[in-house]
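Trainee: Residue numbers (the UniProt record's numbering): 1 to 633. For glycine and all other residues, C-beta sits at the position ideal for the given N, C-alpha and C.
(1) Going by beta carbon distance, what residues of the same chain come within less than 6 Å of residue 153, once the five residues before and after it are set aside?
(2) CA-CA distance, residue 98 and residue 354?
(3) Quick one: what's residue 682 bridged to in DSSP?
(4) Going along the chain, which unbroken runs of the alpha helix (DSSP H) with 4 or more residues stay wholly within the stretch 96-157?
(5) So within the stretch 237-308, which uninterrupted beta strand (DSSP E) runs reach at least 3 residues, ignoring any that extend past its ends?
(6) To the nearest angstrom, report how far apart residue 593 and residue 556 are at their CA atoms.
(7) When the Cα atoms are used, what is the spatial distance from residue 335 to residue 315?
(8) Which whole-angstrom value describes the C-beta separation of residue 579 and residue 625, a residue pair presumed to lie in contact below a C-beta threshold of 8 Å?
(9) Buried or exposed: residue 43, going by 16 or more other Cβ atoms within 10 Å of its Cβ?
(10) Which term fits residue 379, buried or exposed, when burial requires 16 or more other beta carbons within 10 angstroms of its beta carbon?
(11) Closest by CA to residue 49, which one among 252, 235, 133?
(12) Which residue wins for smallest C-alpha separation from residue 411, given the options 17, 488, 581, 246?
(13) Going by DSSP, which residues form a beta bridge with residue 379?
(14) Quick one: using the 10 Å Cβ neighbour count with 16 as the cut-off for buried, is residue 271 buried or exposed?
(15) Apart from the five residues just before and just after residue 477, which ones in its own chain have a Cβ nearer than 7 Å to its Cβ?
(16) For residue 118, is the classification buried or exposed, using 16 other Cβ atoms within 10 angstroms of its Cβ as the cut-off for buried?
(17) On a Cα-Cα basis, can you pick out the residue from 146, 389, 197, 506 that is closest to residue 257?
(18) From the DSSP secondary-structure annotation, give me the bridge partner or partners of residue 406.
(19) Counting only the same chain and skipping the five closest in sequence on each side, list residues whose C-beta sits under 6 Å from that of residue 525.
(20) Threshold first: 4 residues or longer. Then list the alpha helix (DSSP H) segments lying entirely within the stretch 303-369, N to C.
(21) Counting only the same chain and skipping the five closest in sequence on each side, list residues whose C-beta sits under 7 Å from that of residue 251.
(22) Just to confirm the assignment, what range does the beta strand (DSSP E) spanning residue 186 have?
(23) What residue does the beta strand (DSSP E) around residue 227 start on, and which one ends it?
(24) When the Cβ atoms of the stretch 393-413 are set against those of the stretch 327-344, are three or more pairs found closer than 8 Å?
(25) Between which two residues does the beta strand (DSSP E) holding residue 15 run?
(26) Just to confirm before moving on: does the CB-CB distance between residue 310 and residue 282 stay below 8 Å?
(27) Below 8 Å on the Cβ atoms is my contact criterion, and I expect residue 189 with residue 123 to pass it. Report the Cβ-Cβ distance as a whole number of Å.
(28) Of all the options 401, 368, 383, which has the alpha carbon lying nearest to the alpha carbon of residue 259?
(29) Using the DSSP secondary-structure output, state which residues sit across from residue 474 in a beta bridge.
(30) Do the stretch 171-191 and the stretch 457-473 make contact, defined as three or more Cβ pairs closer than 8 Å?
(31) Is the separation between the beta-carbon of residue 78 and that of residue 41 shorter than 8 Å?
(32) Label residue 635 either buried or exposed according to how many other C-beta atoms from any shown protein chain fall within 10 Å of its C-beta, with 16 as the threshold for buried.
(33) Using a threshold of 8 Å, state whether the C-beta atoms of residue 139 and residue 125 are closer than that.
(34) For a test of the three-state rule: what should DSSP assign to residue 177, helix, strand or coil?
(35) Can you say whether residue 298 is buried or exposed, counting buried as having 16 or more other CB atoms within 10 angstroms of its CB?
(36) Give the DSSP bridge partners of residue 393, in chain order.
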C-alpha cells in the first residue's frame, strides 16, 4: 500500500533518460568509443573554468554557483582520444551512424523529427567538459508510449555528447578521464504525465526496453542514467539526477514527495512563529581560541568561525525531512557548495566537543533569544563566508516554500542538493558544426527496430523456446550472438535453440556466481563451443566445465581447452564395455531395485564419461543393457 494519495497531492513527474549509443566513433571526432583504464593514460593537462554569458548577455545561475570555488580540473588523455576532446581543435561534422541510430529510436517512440537539426552549446562548468559546455542537438518531439496507467508523452529526443568521467577529487582539484567524453548519447525527456511511483518505474522500464530493442546502445554500468523531475501541487519542480538502478526510481519519487511535504509543514510552522533570518554574519572566531573541540580547533587554525542567527527556528533545523536527513542536512548541503565540510547548529549542540557553556557564550554574543537557532561554519575565511551566505539563503527559502533545484540521487533513495535548476541562459548556438537536413525521405529510410517483447514472442513461436527462456535471451546482452547461432544451427540435430539459450542466460550466470570472470568469454569462445558439440567432439554436459576453463584462460582456443580438460571423442565399443561391466558388477543391487536402479547407475556412468558422451546417448545405452540383464535374470 502506498503511504500517500498521489493524485490528491497533485504529483507530477517526468523522466529524462540518457543512453550511450554503441557507435564505432564519437559524436564529433573519429576517435573510438572505448572505455580505458586510467592507468593507460599517456598524458594529462589541466583547465580552470568560469561561467560565460549566453547570447542574451546573461549568466546561467547554476553555472555561477558552480564557479564560486576556484577548482583545478585535471584531464587524463589517451592514445584513443584527440585534440577535439582536449578542446584544442574544432569539432568535425556530427556522426552519421549516431544520427541514424537516434532516428530509429525516434520512430520507436512515434516521434516527429525536425526538418533541420541545429547543434547547441549547453553551459557546463563542473569540469566534465574541457570546453565548459556540452554539445547537444534537438532531434525529435511529440512522441508517446502506452502504460498500464495511460499514455505517457515523449516530449523530446536530443543527440548529445557524453561527459568526461570523474575519477577522484583531491582538495580543490578534480580529476577526469577523457575516454568517455564525446561518446554519442540520446537524451529522452517524457512529458510530466507520470502520476505515481509505480508508473515512473514502468515508464523507465519501457523506455529501456525500447532502447535495447535497437541493438545499437551500450550496455553495462554507467551507460544509461535516469533523471527524475518531480513536483506536488504546493511544492516545486525538483530535478533528481543520476538514478542508476530501476529499483530506486519508486523510492526516489516517494521520498521526494515526503521531503516536499515535510518542508511545507516546516514552512507553515515557521510562518506561524513569524520566523525570519538575520542578514548579519557574525565572526565568533575569538570565542573558540581555547576550545577543546577538535573540529573547531581546525576552524580556528584555518582562520574563521562564522555564525548566522535564525530567529524562531529553534527545534526545526533538526526536523527530519527524509529518513535520516533533516532540514539541517539541507543547510549543510548548501554550505558544502563553498567547499566546507559542513555546519554546526544549535539543535544538535552541545556535541562534537562543543560544550553547553560555549553554546551559551555564542548565543549571548550574537543576541540569540529563546526559540532562536544559530548556525556556525568553521573554515578558511572566504570559504566560511560563502558557506554561511549559502545557509542564510537556504533558510530564507525555508520560509518562502520549496526551492526549485537540481539534486543528486543517493544509494538509499534519498537525495542531496547539487545546484539551482538551470535556466534559458544555459544554451547558445554552436557555430562550429553545420546544421543537418532531416528530409522525410531520409527519415522514412530508417528501419524501425523490432521490439524485444515481439522478438521474445517470435522465439517462442519460431524456435520453440519456453516463454521465460525467450524473454531472458531477448533482454540479454547475448541477443545478437543468439540470433547468429540459431541461424547457423537451424538444421543441426546436436545443437538446438534451447541449448544455446540455456547456455547463454543459464550456465554463464551460474559459473559467474561461482566466481568465474565470464566477461573474458568472447563470441568466438561460444562459437567454438557449439561447433564442438555439433561435431560431437564433446557432449553438451561439458559446456559448463569448458566455458569455465575458457574464462580462466581466454587465450586458449576451444580445441586447446578441450584437450587440456581431457575430453576426447568417445569410442562406442569402449563405452558399451564399461556399461556392461558396471551392470554385471552391481547385479545384486539391480535384482533388489529392478528398473529403478537406472538412476544410481547413470550417476556412475556419467562420472566416467561426463563431457565426452551426450547424457541422452549414455542413458539409452545403459537402459538397454539394464533391461537385458533384468530379462535374462
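Mentor: Here's the rundown:
(1) 144, 191, 193
(2) 58 Å
(3) In the structure as shown, the chain begins at 1 and stops at 633. Residue 682 is therefore absent and cannot be evaluated.
(4) 96-108
(5) 238-243
(6) 46 Å
(7) 20 Å
(8) 5 Å
(9) exposed
(10) buried
(11) 133
(12) 246
(13) 304
(14) exposed
(15) 219
(16) exposed
(17) 197
(18) 239, 419
(19) 550
(20) 327-336, 356-366
(21) 413
(22) 184-190
(23) 224-231
(24) yes
(25) 12-20
(26) no
(27) Going by Cβ atoms, the distance from residue 189 to residue 123 rounds to 19 Å, so no, they are not a contact pair.
(28) 401
(29) Per DSSP, none; premise fails for residue 474.
(30) no
(31) yes
(32) Limits of the chain in this structure are 1 at one end and 633 at the other, which puts residue 635 out of reach.
(33) no
(34) strand
(35) exposed
(36) Per DSSP, none; premise fails for residue 393.
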